[in-house]
Amino acid sequence: MTAELGSFALFLALALSVVQAVLGLIGGRRPLLAGAGEGAAIGAFAAVALAFAALLVAFVTSDFSVSTVAANSHTAKPLLYRIAGAWGNHEGSMLLWCLALTGFGAVVAGLGRDLPATLKTHVVGVQGALGVLFLAYTAFASNPLARVLDPPVEGRSLNPLLQDPALALHPPFLYLGYVGFSVVFSFAVAGLIGGRIDAAWARWVRPWTLAAWSFLTVGIALGSYWAYYELGWGGWWFWDPVENASFMPWLVGAALLHSAIVTEKRGALSGWTLFLALAAFTFSMLGAFLVRSGVLTSVHAFAVDPTRGTMLLTILGVAAGAGFALFAWRAPALQRGGLFAPVSRESLIVLNNIILSAATAGVLFGTLYPLIYEAVSGTPMTVGPPYFNLVFGALMSVAFVLLPFGPLTAWKRGDARAAADRLRIAAALAVLIGVATLALASPRKVLAAGGVMLGFWLILGALAEIAERTRAFRAPAAETMRRLVGLPRGAWGMTLAHVGLGVFTLGAVVETSWKIESAEALSLGGRIDVGAYSVTLERVGMAEGPNFLAERGLLTVTRAGAVVCRGEPERRFYPTSRQTTSEVALCNRGLDQVYIVLGERRAGAGGQPAWLVRAYFNPWVQLIFIGPLLMAIGGLVSLSDRRLRLAVGRKPA
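With this note's numbering as the guide, the letters of the sequence shown map in order to residues 1 to 653.
1) What three-state label does DSSP hand S157 in the structure shown?
2) Starting from V363 and walking both ways along the alpha helix (DSSP H), at which residues does that stretch end?
3) List the endpoints of the continuous beta strand (DSSP E) containing G553.
4) Starting from A497, follow the alpha helix (DSSP H) in both directions and report where the run begins and ends.
5) Using CA atoms only, rank isn't needed, just tell me which of L12, L274, V19 is closest to L50.
6) Taking S186 as the reference, which of F281, C98, V499 has the closest Cα?
7) Would DSSP call Q127 helix, strand or coil?
8) Taking the Cβ atom as the reference point for each residue, do R589 and V564 lie within a distance shorter than 8 Å?
9) Anyone know if the C-beta pair for G112 and D198 falls short of 8 Å?
10) Can you tell me whether D164 is helix, strand or coil according to DSSP?
11) Exposed or buried, which one is R571 when buried takes at least 16 other CB atoms within 10 Å?
12) Please name the residue, chosen from L496, A467, A84, H498, that lies closest to R483 on a Cα-to-Cα basis.
13) Please report the distance separating the alpha-carbon of L403 from that of L458.
14) Return the bridge partner residues of M542 from the DSSP annotation.
15) Return the residue from the list G28, M1, G43, L5 that minimises the CA-CA distance to S17.
16) Cutting at 7 Å between CB atoms, please list the residues of its own chain near T581, excluding the five before and the five after it.
17) Given that a residue counts as buried once 16 or more other Cβ atoms are within 10 Å of its Cβ, and exposed if not, what is R308?
18) Quick check on A464: does DSSP put it in helix, strand or coil?
19) Tell me the DSSP secondary structure of I83 in three-state form.
20) Any contact between the stretch 137-157 and the stretch 61-71? By contact I mean 3 or more CB pairs, one from each, below 8 Å.
21) Whose CA, out of A497, R539, G321, F548, lies closest to the CA of L130?
22) So, for E520: in the same chain, excluding its five sequence neighbours on each side, which residues have a beta-carbon less than 8 Å away from its beta-carbon?
23) What is the DSSP secondary structure of R330, counted as helix, strand or coil?
24) Report all residues from its chain with a CB closer than 8 Å to the CB of M542; omit the five preceding and five following residues, and keep chain order.
25) Taking its Cβ as the centre, do 16 or more other Cβ atoms sit within 10 Å of Q335, making it buried, or is it exposed?
26) So V48 and T102 are supposed to be a Cβ contact under 8 Å. How far apart are they, rounded?
27) Out of P609, A416, I626, which has the shortest C-alpha to C-alpha gap to V343?
28) So for G393, helix, strand or coil by DSSP?
29) Identify every residue that forms a DSSP beta bridge with S518.
30) For L390, which option in G28, G634, T382, A359 has the closest C-alpha, if you only look at C-alpha atoms?
31) Once the 5 residues before and after K651 are set aside, which same chain residues still bring their CB inside 7 Å of it?
32) For a test of the three-state rule: what should DSSP assign to I528, helix, strand or coil?
33) Let's see if you can read the secondary structure: which residues bound the beta strand (DSSP E) around I197?
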C-alpha cells in the first residue's frame with residue numbers, strides 16, 4: 001500500500017499544480033484566487049514529499065515489488081546507499097527534482113509576505129506551470145513507484161561506482177542549485193507579465209540566484225571530489241559532457257548575480273538581467289535532458305530510452321520557448337536604466353558578463369557539437385580537454401585580471417587610476433610571486449607561473465578591497481577594527497567568494513602543472529618513487545565488505561627514509577552486479593596528497609605475484625576543493641545579510 005499511496009500523492013500533486021498554475025496566472029489582484037493558488041502550491045509540495053517518503057520507505061525496506069527498487073537496490077547494500085538509491089536513478093531523481101521544484105514554490109507562497117501581491121501571485125503561478133510539466137512527465141513516463149508484475153527475490157543493486165558518501169550527497173545539492181534557478185525563471189516571467197522590471201525586482205531575484213548558485217557550487221564540488229578519488233584515474237575534472245551540463249548554469253548564474261547588482265543599484269541592464277534569469281534555468285533543463293536522454297554515455301548519466309529524452313526536450317522547448325517568446329514581446333517596452341561612463345563599476349560588470357557568456361557559449365559548443373556532428377554524419381567525434389582549456393582558460397584569465405578592479409571602482413563614473421593605485425600593493429606582490437614561481441619551480445613553466453600569479457592576484461585583490469573599506473594602515477587601529485566589525489555580511493560574502501575563486505585557481509594550476517605520476521608492477525616489498533616520496537607494497541590480503549569482496553593492499557609512504565603515512569587501497573568486486581572498482585588511498589601532506597591506486601594482479605619477476613601500483617603526487621590539490629567551499633560559504637554569508645535574505649523587501653507605497 002505504501003507505493004500506491006505514493007503514486008496517489010504524485011498524481012494529487014499534479015492536480016494541485018494545475019490549480020496553482022491556473023489560479024496564479026489569472027489571480028492577479030484577486031486575493032481570494034491568489035490565496036487559493038498559494039494554498040495549492042503548499043499542498044503540491046506536501047503531496048510530492050509524501051510520494052518521495054513512500055519511495056524512501058520502499059528502498060529502505062527493500063520492497064522489490066517496486067520496479068525502481070528492484071532495478072537499483074539489494075538487501076546487502078548498506079543503509080546509506082539504499083537511501084541514496086532513491087535518487088541514484090532516472091525515475092527517483094526526477095521525483096527529487098519535483099520535490100525541489102514544488103518546495104521552492106511553497107517557500108515563495110508561504111514566506112513571500114513582503115512581495116507585491118500581483119508579482120507574488122504570478123511567480124507562484126509560473127512555478128506551478130513548471131510543476132505541471134515536470135510532474136506530468138514523472139507521473140506518466142517515469143513513475144518511480146510503479147509495481148513489478150513478477151517481483152524478483154533480489155534487486156540488481158546500484159552501480160558500485162555510485163555507492164559513495166560524496167555521491168550520495170551530490171544529487172540533492174545539485175538539484176537544489178538546478179531547480180533553485182526555476183524560481184529566478186518564474187520571477188522573470190512574472191515580471192514580464194506584470195511589466196515591472198526595476199531595482200526592487202532585482203532585489204527580490206538576487207537572494208534566489210545566490211541560494212541556487214551556492215547550492216550548485218557545493219553540488220559540483222562534491223561531484224568533482226567523487227570523481228577524483230572514486231574513479232581511480234587521479235583527475236578531478238575532465239570536461240565530461242555531464243560535468244559541463246552542471247557547469248553551464250553555474251556560469252550563467254555567476255553572470256546573473258553580477259548583472260542583478262547593476263539592475264538593483266542603478267536600474268540598468270534590466271533586459272540583460274531578465275535574459276540571464278531565463279537562461280539560467282534553461283541551461284538547468286538542458287542539463288536534465290542531456291543526462292537523461294541517452295545521447296551521452298557516462299558513469300554519472302542516466303542513459304534511458306530516447307522516447308523519454310524526446311519528452312524532456314519537449315518540456316525544455318515549451319518552458320524556455322514560452323519564456324523567451326514573452327521576453328521578445330515585452331522586453332522592448334522595458335524602461336531604460338541610468339547611463340554610466342566607460343570607466344565605472346557598471347562597465348566592469350558588463351565586461352564580466354560578456355566574458356562569462358562567451359565562456360558559457362564555448363562550453364556549450366564543445367558539448368553539443370560532437371552530438372550534432374554524430375547525429376548528422378553518423379561518425380562519432382569528441383571535443384577534448386585541449387579545446388576547453390584553451391578557450392575557457394583564455395577567457396577566464398582576462399576576467400580574473402579585471403575582477404579585483406570592480407569593487408574598488410565607483411558607480412556611474414569611476415577613476416581607473418585611483419582603483420589601480422589602491423591595488424598597487426596587491427599587484428606588486430602577485431607579480432613578485434609569479435616571477436619567484438618561474439625562477440624557483442622546476443621545470444619552469446611560464447603559463448603555470450602566470451596562473452599562480454592570477455590566483456594570488458584574486459586573493460590579494462579581495463583583501464585589498466576589505467583594507468580599503470576599513471582604512472587599514474591609514475586610520476587608527478581602533479577605527480579600523482570598528483569598520484571591520486561593522487562591515488555588512490554581503491561584503492564579507494563577496495570577499496570570501498573572490499578569495500575562494502583565487503584559492504581554487506591556485507590549486508588547479510599547481511596540481512595540473514606539477515603533478516607527478518609513476519606506475520609499476522610491484523611484488524611484496526617492492527617500491528615505487530613518486531616525486532620526493534617512496535611507496536612500498538607491504539602486503540595484499542582479502543577483505544569482505546557488506547556487499548563486496550576486496551583485495552586490499554597495505555602500502556607505506558616514506559620521505560627521506562621516514563614514514564609519513566600508510567594507505568590501504570582496494571580492488572573491490574561486487575558479485576551482484578559483477579563489477580570491479582578501485583578504492584584509492586590518499587596520504588595528506590598539508591595541501592599536497594600522495595594518491596595511490598592498487599591495480600590488477602599479474603606475474604612478477606621469478607614467478608612471484610605482483611600488483612600494478614600507480615602513485616601520484618598531487619601538489620596543492622586540496623585547494624581545488626577548499627576554493628569552491630569558500631565560494632559557497634561566501635554565497636551563504638551574503639544570503640544571511642538582512643538586505644539579501646529571502647522574502648525581504650518593502651512593498652511599494
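Yeah, the Cβ is synthetic: ideal placement off N, Cα and C, and Gly gets one too.
A quick look at the data gives this:
1) Three-state DSSP puts S157 in coil, outside helix and strand.
2) First-last of the alpha helix (DSSP H) with V363: 345-377.
3) G553: member of the beta strand (DSSP E) spanning 549-559, first to last residue.
4) The continuous alpha helix (DSSP H) containing A497 extends over residues 489-514.
5) Checked all of L12, L274, V19; the closest Cα to L50 is L12.
6) Per the C-alpha coordinates, the member of F281, C98, V499 positioned closest to S186 is F281.
7) Helix.
8) If you check the CB distance, R589 and V564 come in under 8 Å.
9) The Cβ-Cβ distance between G112 and D198 does not fall below 8 Å.
10) DSSP, reduced to helix, strand and coil, places D164 outside both helices and strands of the structure shown, so it counts as coil.
11) In this structure R571 is buried. Its beta-carbon is surrounded by 16 or more other beta-carbon atoms within 10 angstroms.
12) Per the Cα distances, A467.
13) Each residue's Cα considered, the two are about 7 Å apart.
14) Paired residue(s): E551.
15) For S17, the nearest C-alpha among the options comes from G43.
16) Here the set comprises P160, L161, R572.
17) Classification for R308: buried.
18) Here A464 sits in helix by DSSP.
19) Under the three-state reduction of DSSP output, I83 falls in the helix class.
20) By the Cβ test, the stretch 137-157 is in contact with the stretch 61-71, since at least three Cβ pairs between them sit closer than 8 Å.
21) The shortest CA-to-CA distance from L130 to any of A497, R539, G321, F548 is the one to G321.
22) Around E520, the same chain offers G526, I528, L612, V613 as residues with beta carbons nearer than 8 Å, after the five sequence neighbours per side are excluded.
23) R330: helix per DSSP, three-state reduction.
24) When the five nearest sequence neighbours on each side are left out, the beta carbons in the same chain lying within less than 8 Å of the beta carbon of M542 are those of L549, A550, E551, R552, in order along the chain.
25) By the neighbour-count rule (16 or more Cβ atoms within 10 Å), Q335 is not buried but exposed.
26) In this structure V48 touches T102 by the C-beta definition: roughly 5 Å separates them, less than 8 Å.
27) Checking every option, the nearest Cα to that of V343 belongs to A416.
28) Note: G393 maps to helix in three-state DSSP.
29) Looking at the DSSP assignment, S518 forms a beta bridge with A615.
30) For the residues G28, G634, T382, A359, the minimum Cα distance to L390 belongs to A359.
31) Low per-residue confidence applies at K651: pLDDT is 42, beneath 50, and the placement is therefore not dependable, though the value from the model is reported in the following sentence. Cβ neighbours of K651 beyond the five flanking positions: D114, P116.
32) Strand.
33) Where I197 is concerned, there is no enclosing beta strand (DSSP E), because DSSP gives it neither an H nor an E.
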